[in-house]
Amino acid sequence: MRSAFAWVAAAGLLVGSASSASAQEAAALRQEIDQLRRDFETLKQQYGDRLTALESKLAAAEGAAPVPAAQPPATPPPTTPPAAEVPAGAAGAGGPTGALPVYGAAVGGAKVFNPDIAVIGDFLGAAGHNSVNPQPALEMHESEASFQAVVDPYARADFFFSFGEEGVGLEEGYATLTALPGGLLTKVGKMRAAFGKVNTMHNHVLPWTDRPLVTLNLVGGEDGIDDAGISVARLIPNPWLFLEATGQVYRGDSDELFHSSKPSDLAYVGHLRAYHDITENSNIDFGVSVARGHNFAGIVDGTDIGNFTTTLYGIDGTFKWKPLSRSIYHSFTGRTEWIWSRHQQFGGTQKPWGMYVSGDYQLARRWYAGARLDRSGQANDASLVDTGGSFVVTYWPSEFSQLRAQYQRTNYALGSTANQLLFQFQFSIGAHGAHPF
Amino acid sequence: MKRMTIVAVAAVMIAAAVSAQSKLTVITTTEDLASIGREVGGDRISIEAMARGYQDPHFVEAKPSFILKLQKADLLVAVGRELEIGWLPPLIQQSRNTKIQPGSQGYLDASLGAAILEIPTGTITRAMGDVHPQGNPHYWMDPENGKRIAKQIADKLSEIRPADRAYFQQRLADFTTRLDAAEKRWLAQMAPYKGTKVVTYHRSFPNFAERFGLDITGYVEPKPGIPPTPQHTLDLINEMKRQNIKIILVEPYFDLKTPNAIGRETGAQVLVMPPSVGGTKAVTDYFQLFDYDINLLVEAIKKSGAK
């Protein structure tokens, strides 16, 4: 009995050692297989890469390789089932696989991720006399370079640099988060604030060569409220109209309007926009805005003693008419903005106000005529009121360039009346994204 | 028992209400896509187009009211090939709808499965006018592409709503059969006039011309998107006289002044030919688009006696 036990134990030991040996062997084998698999993957990757490189080279050599592929087969019989007939290239032309459409040169795969790049030139000429706000006779006023692309599935980015004759400025540079819950459209970066209409517009989309007096006097000069911050906009659901509320927080530095002396001197902008289609040819757009920030008035010898603020209230209204079936030939835009300022300074609060009214009519496919009336008090002295008026004619040789002439007369409260003839030539190259309505 | 019945009836009513509510909301950029989508989606979807058929689809205004439509959409179908580049991207961006962002499941570029003509080769610049670097976007003017658009929409709807796959595929098969029959009829109508030379205003009809055997020899526009110039008009008149071209096709959204002047000089007929559903009142769906256009053409060719 005892010996039997011993035998069994011995056998057990043997089996145990044998199985441990085979386990070791198996592990080694597994390792080897894994190594082989890795090698194979690397090899596959290498070949794949080489194949892609070759394909793109081939595409480059042929100039427009996808074209013949994307052409439909020569008049196929109408009874052919459509699935079989779709040429292989049709799906690829524009899709991420295969060679891509060639824009002037060979395109490597990675280049498709380059942002859309455009440059818009703004050449200005001025004749006449203006002692208050003199303008050079000829000037390459501003060139706007834009870079726009999708960042990832959650955001897109838009950059607009303005190149003056001397320096470069970041006019806007922000990310738009498109995938936030709750219907919140959020922008983070430097941007033009949602205060009224003109403040949000880039120079090249203005219907004039300059900005209204009220922008120059009360909303901080040519650049307006343009600052680094965060913007959140939400649609307010209702059965009647498009209603959008926007809230924005900025650092508090905007041209000559806001100045931040300490981190807590933030500027705030709020905007409520209502839009309604009157008919399919006409619509109305109405907005109320408010902006508040610290100003320069309290700064003495570099310290903000006064800690003064400026608050702006604005309303804007736009009526647009565009007959759909002749939309490329005739249109009309009538617009007005009214702005009230509460400007704190030593000696009390100044309460100037200003406004403009404008109308632009499209006479023909390439011709526009318009007029604008201006009136504005001055930010630090409401009793000084500047008034003016302009006539504008614009000609569009194509969608990508425009010529403009503007006659302007301005009665300045301080200084003589200015009579000026302004000329503008704008031209754009590249892929400039469409602007919001 | 009575109570049970009430509960059962209520449950059925709620179920019905839920299924009625759960119609997929589809927004298309043009009325052509909406018409094809309606054929395929039937009563399981509600579908609406943004641009009107009598409107130039290149120049639609990105109105905020479109944002409201896109906000609620389950699926956005676009023509693609940069036709909507001037107005659709800001609308999608402001829609606050993650479902329809390009690259998402609810965004369909119908051109990706269609046969596209006039893809530029070599260097292109804007000196050539408003060229579409990815080819001519007016591809729906060929019924073969109509079928391809329908198939893509049916597949996309099935992908979003797998439970209704059979329904969508059945409707697709039915639409394809009807379109095949109609296409045979249209081809037969046009067959005697194969090779008829025409001039068009804009490059809206290459797919139509290829399918139905028209020979487009010139354009009223000197270059795509550039309005007519006197010199080009003069050259065109001479060329039309030389080749005895008796038909000018004009999209409904273009001014007729220059085409009419050319018509007077050359004796050619000016036909306002809708390239889209809704381009004229009579054209209310995709079948009627071809019915209308082909009847218009055949009548005009017969009248002119030219070939």
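Protein chains in written order, with numbering that gives the first Met the number 0: chain A, 0 to 436; chain B, 0 to 306. From the three backbone atoms N, C-alpha and C, an ideal C-beta is built for every residue, glycine too.
Item, Value
"What span of residues does the alpha helix (DSSP H) with Asn-132 of chain A cover, start to end?", "From DSSP, Asn-132 of chain A is part of no alpha helix (DSSP H); its letter is neither H nor E."
"With Met-49 of chain B as the anchor, note down where its alpha helix (DSSP H) starts and where it stops.", "Careful: Met-49 of chain B lies outside any alpha helix (DSSP H) and carries neither H nor E."
"Report the residues of the region 130-143 of chain A with a CB closer than 8 Å to any CB of chain B, ordered along the chain.", "none"
"Could you check where the beta strand (DSSP E) with Thr-24 of chain B kicks off and where it finishes?", "23-27"
"Leaving out five residues on either side along the sequence, give the residues of the same chain with a beta carbon under 7 Å from the beta carbon of Thr-386 of chain A.", "Asp-373, Arg-374 and Asn-410"
"Go ahead and pull the three-state DSSP assignment for Met-139 of chain A.", "strand"
"Using a C-beta cutoff of 8 Å, does Ala-98 of chain A count as contacting chain B?", "The pLDDT assigned to Ala-98 of chain A is 42, lower than 50, so where the model puts this residue is not dependable; a value taken from the coordinates is nonetheless given after this. No, no contact with chain B."
"Which value, in whole angstroms, describes the spacing of the CA atoms of Pro-77 of chain A and Phe-122 of chain A?", "Confidence in Pro-77 of chain A is poor, its pLDDT being 39 and thus under 50, which makes the residue's placement unreliable; the coordinate value appears in the next sentence. For Pro-77 of chain A and Phe-122 of chain A, the distance between alpha carbons rounds to 55 Å."
"Using C-beta distances below 6 Å, list every residue in its chain close to Val-231 of chain A, excluding the 5 sequence neighbours before and after it, in chain order.", "Leu-183, Thr-185 and Gly-246"
"Would a check of beta-carbon distances place Lys-301 of chain B closer than 8 Å to chain A?", "no"
"Count the CB pairs spanning the region 50-68 of chain B and the region 319-331 of chain A that are closer than 8 Å, and state whether there are at least three.", "yes"
"Taking its Cβ as the centre, do 16 or more other Cβ atoms sit within 10 Å of Asp-226 of chain A, making it buried, or is it exposed?", "buried"
"Does the beta carbon of Leu-116 of chain B fall short of 7 Å from some heavy atom of the ligand HEM?", "The model on display carries no ligand, and the ligand HEM is accordingly not part of it."
"Distance, Cα to Cα, Pro-133 of chain A vs Leu-217 of chain A?", "19 Å"
"Compare the C-beta of Pro-205 of chain B against all C-beta atoms of chain A and say whether one is closer than 8 Å.", "no"
"Please state whether DSSP places Trp-185 of chain B in a helix, a strand or coil.", "helix"
"By Cβ distance below 6 Å, which residues in the same chain neighbour Gly-316 of chain A in space, the five residues on each side in sequence not counted?", "Phe-285 and Thr-335"
"Just to make sure I have the definition right: I need the residues of chain B whose C-beta is within less than 8 Å of the C-beta of Thr-332 of chain A. Which are they?", "Here the premise fails: no neighbours, minimum Cβ distance about 11 Å."
"Only counting the same chain, and skipping five residues up and downstream in sequence, which positions put a Cβ closer than 6 Å to that of Ala-430 of chain A?", "Asp-115 and Ala-117"
"Mind checking if Phe-211 of chain B is an interface residue toward chain A, Cβ cutoff 8 Å exclusive?", "no"
"Give the straight-line distance between the Cα atoms of Gln-104 of chain B and Leu-74 of chain B, rounded to the nearest whole angstrom.", "8 Å"
"Using the beta-carbon of each residue, which ones in chain B are nearer than 8 Å to Ala-178 of chain A?", "Thr-97 and Gln-100"
"Please say whether Arg-210 of chain B and Pro-142 of chain B have beta carbons closer to each other than 8 Å?", "yes"
"Along chain B, in chain order, which residues have C-beta atoms closer than 7 Å to that of Phe-159 of chain A?", "Per Cβ cutoff of 7 Å: no residues; Phe-159 of chain A is ~14 Å from chain B at best."
"Opposite Asp-163 of chain B in the DSSP bridges: which residues?", "Per DSSP, none; premise fails for Asp-163 of chain B."
"For a contact defined as C-beta to C-beta under 7 Å, what are the partners of Glu-398 of chain A on chain B?", "Asp-129 and Gly-224"
"Express the C-alpha separation of Lys-261 of chain A and Gly-358 of chain A in angstroms, rounding to a whole number.", "42 Å"
"Name the DSSP beta bridge partners of Lys-155 of chain B, please?", "Partner(s): none; Lys-155 of chain B has no beta bridge."
"What does a CB cutoff of less than 6 Å around Thr-310 of chain A pick up in its chain, not counting 5 residues either side in sequence?", "Arg-291 and Arg-341"
"Using a Cβ cut-off of 8 Å (strictly closer), state whether Tyr-394 of chain A contacts chain B.", "no"
"Tell me which residue opens and which closes the beta strand (DSSP E) that Pro-396 of chain A is part of.", "380-397"
"Which of the three DSSP states is assigned to Arg-408 of chain A in this structure?", "strand"
"Sort out for me which residues DSSP pairs Leu-270 of chain B with in a bridge.", "B:Leu-248"
"So which residues of chain A does Pro-136 of chain B contact, with C-beta pairs closer than 8 Å?", "Under the 8 Å cutoff, chain A gives no residues; its nearest Cβ is about 11 Å from Pro-136 of chain B."
"When you compare the CB of Tyr-274 of chain A with every CB in chain B, is at least one pair closer than 8 Å?", "yes"
"Report yes or no: do the region 234-241 of chain A and the region 266-279 of chain A share at least 3 C-beta pairs separated by less than 8 Å?", "yes"
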